[in-house]
Structure formats: structure tokens, C-alpha cells
Amino acid sequence: PSPHDPATAYVAATRYKLDDRAPYLYKTSDYGQTWTRIVDGIPAADFTRVIREDPERRGLLYCGTESGVYVSFDDGAHWQALRGGAKPLPVVPIHDLAVKGSDLIAATHGRSFWILDDLTPLRQMRPEIAEAPAHLFAPRPAIRYRSAMSRFREPGKAARDYLAAGAAQVTVRRKGTEEQFLDAGANPPDGVIVTYWLKEKPEGEVTLTFLDADGKEIRTFSSEPQEPPADANGAEHGEQHAKKKEPRVPKEAGTNRFVWNLRYPDARDVTPPAVLWAGSLRGPLAMPGRYQVRLTVGDRSYTEWFEVRPDPRVTVSQADLEAQFNLLLQIRDKLSATHDAIMQIRDLRTQARTWQQRARDLAGGEAIAAAAQALIEELTAIEEELIQVKAKEIEDPLNFPVKLNNKLAALINIVDSADAAPTRQAVETFHELAAAIDAQLDRLAALIERNVTALNRQIHEAALPALAPSARGR
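Taking the working numbering, the leading residue of the sequence shown gets 203, the next gets one more, and so forth.
In C-alpha cells form, the structure reads like this:
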């Protein structure tokens, strides 16, 4: 029966046991007095088992056949295959279909249950969209879930990991960057699902920008590959480590999908990346509320609103979430400032060592070399308060004391561990760590003002290029 019209009903029938594999779908709009066969677009030998109408959009139909799922946007007048995206539904009999919220659940015969996440684009699809150069579908509301799964590896099985969430444990097989659950189904993606249409593959950049309700930019993602970050400290640490890559925006002709995990930008890292024990750089989750997403293709932009909703399993006030969000932003920004200072220290020290070496070859260069050495020692003393320079592997913090940056990163994990207001101890710990870091940053600023200025004067008098403190930031 149709959920929209009491006079309308649909029937799926089979005759394959009588050697007839033809599809049989019928519709009535007059309480069964007359029936119309509606199978245009379904292959002649792909017999049908189930038909359902979408509970939100009238005339949007789904049917299950012996080989898969089909969709009709015009009440059965025309059908087309509905296979899914990057991980399509395999060729398999579909014995039943059900719409739950905005997902389509398919009961297969031999391939378990499959769920097509997010029917929102199908519900918004109109014929004119296919002729438009680009179209951004309004995203469905996103639930602010927290995925808390710990990863561990069984010795001797490098290609197999285990993920644990509470009492549950699943096995993961890795092939390159791809992961596949061996004994569990994949969850839907965490965050907001953004779907958009491109009539042709653009030659230039495509971007997705997420903004808050006031239009303030949160994050922007691009279709273009990222440039590797410059390593100002390469002379000290050799090759720079690979930076964590942002997900790229797809720009293929047709329907594209991108998932934002609702995270604000992470704290800036150092190069090579800092070794952190029980800590992370991750930015806070977006608060429940209204947001915008903007698709930019060439010189044209398309904007839609969407909602972020709280986890329905958790009882927490908006004020508590706001207190948590604000503290996490403060911790993230202080950690970024700490890492910026570390990179500035390393850059200055590299320059000082270079001119220390050059000054030794100059007549009367001993004073410059001595001043450079004194600067290097003071810079190193500040750096060693901010970061554990001896830590090169994840196990190293067990052998060496963690420093201020690692303590801040660990505080991120503590404050961000659940939907709850930060504890008094967490707030006090942040202020204590921030004060200790500010003392070192003030010490660095005074050192630059005093020693770097003096050394630059000596270098200038010796007709050598001066030291240039670098500046980092977003």
C-alpha cells in the first residue's frame, strides 16, 4: 500500500518457477479496480520480488529483483539500477526492502543485509538537475556521534588489526589505505554526508566549505592534492615525515559524495610530527545547531543549510557542550602556538649553526661563533621544556618524561572523551599548562629581542646575511 494515497497500492510478483523470468510489477490508483504494469527499464529476465514506495516522497519507488535494486522517480513509469557508490551492492537477489528514516535496507539471499545510507539525494532529485552544470543537495541532519574504537595488532600478523569498542571486538584486514571488516558490517560514516552533482568533470578546483550559522568558515576541503609542508628544520632531522592528509573532494562527472566528520581543524603539528603519548591534535566536534555547506565549482557557488543534532543516547545540556567546546578550542590553539614556537626555535637554530660555521672561517669571527653558540644553547633549553626532543617512536615517552606539548595533547583526549562539561581539574590543568607555556614563549620572545638582535648586528658588521625569525600560522 502507498503511504501517501489510500487508493494506491503496488504489487510485485514472480513466475520463475513456471519458467517465466519476466518482471511483474503492477500499480493501482483506484482501490484495485484497474491495474497497470510498470516494468519499463528492468531487464526482461530480471524477475521482481518486492516493491516499496518512499514514505516521504510520493512516486519515488524502490524494487528488488533477482539481481539487485532499481529506483523509479516517476511512480514506476521508468526504472534504473540503484547500485550504490564506491562500494556497490553486488549482483544478488533482493527478497525484501524497507525504508528506515532516510536509509534503504535490503534483505538479500546470500549476502546478508545491505543498507544504502542516505536517500536524501533521491528524494530531492528532479529532472532539471541532470541538465544543470552542478547541483548541491541539501544534506540530511547529522547526528553528533562519537566513535570510540581502540586499535591493536596481533604480533606476527601485520596485515590484520583489531578494533575494540567496549566489549565488542572486530577484525580488520588492511590493503594499502583500504580497510575491510572481516567479521562485522561497516558502520555508516560519522558526520554529515554531502552529495552533489557535476554534469561534467571540471578541469579546475572544486571546494567544499563548511560554515557556522553566522557564515564564519570552519573548514575548507579541496579536490586538488596538497603541497607537502616546507621543512625548515631539515638540516637537523633529515627527511620530513608525511603530514596527515586532508580528505580530497571528488569531482567526477555525475553524483559525488563527501563526508565531513564534524571536526574543527586540528592543532598545528611540528615537522617531523610530534611523538605524543596518550594525546592527539584533533579539533573539537561541532556543536549541535545549524550550519552551512558551500560547493564552489569554478566561479559558481552553491550553498545549503544542514543541522547537527546531539547524540540521542546522551543527556547533556547545550551549556555543558559549549563549555567543553570552548575549552577544547583554547587547548588546541595553545598547542598550535606551542608547536609554532618549536618550529621557530628550530629554524633560528639552523640559521645560527650555519653562520656559526661560516664565522669560524672569517678573520675575527670568534665573537660571532660564540654568540651563535650561546643563542643555540638557550634556544635548545626552551625547546626541551616545550617538547621531548629524545622521543622518536611512540614507545619513547615511556622512557623519557613528557613535556608541555604532550601534556596539552593528552588533555585534549581527556576533555574530548565524552559529551560532558569539562571537570574543574581539567580547567585548572589547562590554565597551569598554559601559564607554563606562556612563560617559555615570553622567554623566547625576550631571547629573540636580545640575543638574535645582537647577533644580527654582529653579522651585519661582518657583512653576512642576518637571521630571520620565521612566522607560522593559519
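All C-beta atoms, glycine included, are put in the ideal place defined by N, C-alpha and C.
Please read these numbers as outputs of a predicted model, since none were measured by experiment.
Of the candidates Ile317, Asp542, Leu530, Asp542 places its Cα closest to the Cα of Pro475. Taking a contact to require three or more Cβ pairs closer than 8 Å, the segment 580-595 and the segment 475-485 qualify as touching.
Cβ-Cβ separation between Pro329 and His311: approximately 34 Å, too far for a contact (criterion under 8 Å). Listed in chain order, the non-local C-beta contacts of Ala300 below 6 Å within the same chain comprise Ile307, local neighbours out to five positions each way being set aside.
Beta-bridge annotation (DSSP): Val495 is paired with Phe412, Glu506. Here DSSP, grouped into helix, strand and coil, assigns His541 to helix. Secondary structure at Ile296: strand, using DSSP grouped into helix, strand and coil.
Taking all protein chains in view, the Cβ of Pro208 is surrounded by fewer than 16 other Cβ atoms within 10 Å, so the residue is classified as exposed. When the Cα atoms are used, Asn601 and Val472 turn out to be separated by approximately 21 Å.
Taking a C-beta distance under 8 Å as the contact criterion, Arg560 and Ile578 do not qualify as a contact pair. Around Asp276, the same chain offers Gly261 as residues with beta carbons nearer than 7 Å, after the five sequence neighbours per side are excluded. Taking Ala247 as the centre and dropping the five residues before and after it, the same chain places the C-beta of Arg223 closer than 6 Å to its C-beta, in chain order. Shortest Cα-Cα distance from Glu524 to any of Gln553, Gln660, Ala574, Gly491 involves Gly491. In the displayed model, Trp557 falls within a helix according to three-state DSSP. In terms of CA proximity to Pro467, Ile533 leads the group Glu402, Arg459, Ile533, Arg502.
By the neighbour-count criterion, in which a residue is buried when 16 or more other Cβ atoms sit within 10 angstroms of its Cβ, Gly485 is buried. Counting only unbroken stretches of 3 or more residues, the beta strand (DSSP E) elements lying wholly within the segment 258-341 are 263-267, 271-274, 296-302, 305-310, 315-318, 336-338, in sequence order.
The shortest CA-to-CA distance from Arg342 to any of Ala636, Arg459, Thr216 is the one to Arg459.
Each residue's CA atom was taken as its position, placing Arg652 and Glu663 some 17 Å apart.
If you compare the alpha carbons of Leu643, Gly266, Lys289 with that of Trp281, the shortest gap goes to Gly266.
For Ala215, the enclosing beta strand (DSSP E) stretches over residues 211-217. Counting along the chain, no beta strand (DSSP E) covers Gln575; the unbroken alpha helix (DSSP H) around it starts and ends at 568-588. By the beta-carbon neighbour count (other beta carbons within 10 angstroms, threshold 16), Val516 is exposed. Look at Val374 here: in three-state DSSP terms it is strand. The beta-bridge partner set that DSSP reports for Phe383 consists of Val374. Residues Phe275 of the same chain have their beta carbon placed closer than 7 Å to that of Met327, with the five preceding and five following residues left out of the count. For Thr230, the secondary structure class from DSSP, reduced to helix, strand or coil, is strand. For Ala637, the uninterrupted alpha helix (DSSP H) run begins and ends at 626-649, by DSSP. Distance from the CA of Val499 to the CA of Thr409, rounded to the nearest whole angstrom, comes to 7 Å.
By the neighbour-count definition (other C-beta atoms within 10 Å, threshold 16), Val604 is a buried residue. Secondary structure at Asn389: coil, using DSSP grouped into helix, strand and coil.
Pro323 counts as buried, since no fewer than 16 other beta carbons sit within 10 angstroms of its beta carbon.
Separation of the CB atoms of Thr238 and Lys229 is rounded to 5 Å, and the pair is thereby assigned contact status at 8 Å. In the assembly as shown, Gly270 is a buried residue. Its beta-carbon has 16 or more other beta-carbons within 10 Å. Exposure of Val293 is indicated by the presence of fewer than 16 other C-beta atoms within 10 angstroms of its C-beta.
The three-state reading of DSSP puts Phe527 in helix, counting H, G and I together.
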